[in-house]
């Protein structure tokens with residue numbers, strides 16, 4: 002069984018915003034991946050970006066720098 006760890010998760014209001022995050026992160030080598038929304042969080046599109054080791058602050062800075070649209074940034078056990 003995989004061990005759960007506290008991780009930074011970004012939610013999006015639309016699937017388009019989530020897909021733009023995935024494309025931008027890949028191009029910028031910002032580690033992470035799209036995952037289904039954890040049950041502790043609710044969001045409209047059902048997708049979230051799971052960060053690898055980035056803090057909430059680092060993640061928010063990246064989102065702002067790349068002018069991406071997000072719904073929320075959370076620390077959850079995933």
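In my numbering, the protein residues as written are 2 to 79. Each residue gets a CB set at the ideal place from its N, CA and C atoms; glycine is no exception. Bear in mind that the values here come from a model prediction, so they are computed numbers and not experimental data.
Assumed close pair residue 50, residue 22 - CB separation to whole angstroms, cut-off 8 Å = Contact holds; Cβ gap of about 5 Å.
Go through its chain and collect everything with a Cβ distance to residue 55's Cβ below 8 Å, but skip five positions before and after it.
-> Cβ neighbours of residue 55 beyond the five flanking positions: 9, 31, 32, 33 and 63.
DSSP three-state assignment for residue 4, whether helix, strand or coil = In the three-state scheme derived from DSSP, where H, G and I count as helix and E and B as strand, residue 4 is classed as coil.
Can you tell me where the alpha helix (DSSP H) with residue 64 in it begins and where it stops?
-> Per DSSP, residue 64 is one residue of the alpha helix (DSSP H) stretching across 57 to 66.
Identify, in the order they occur along the chain, each residue of the same chain with its Cβ nearer than 6 Å to the Cβ of residue 52, setting aside the five sequence neighbours on each side.
-> Leaving aside the five residues that flank residue 52 on each side, the residues in its chain whose CB is nearer than 6 Å to its CB run, in chain order, 9, 33 and 60.
Whose C-beta lies closer than 8 Å to the C-beta of residue 77 among residues of the same chain, with five residues either side of it excluded?
-> Excluding residues up to 5 positions away in sequence, 7, 8, 10, 39, 41 and 42 lie with their Cβ nearer than 8 Å to the Cβ of residue 77 in the same chain.
For the candidate residues 26, 3 and 36, whose alpha-carbon lies nearest to that of residue 1?
-> Because the chain here runs from 2 to 79, residue 1 falls outside it and cannot be looked at.
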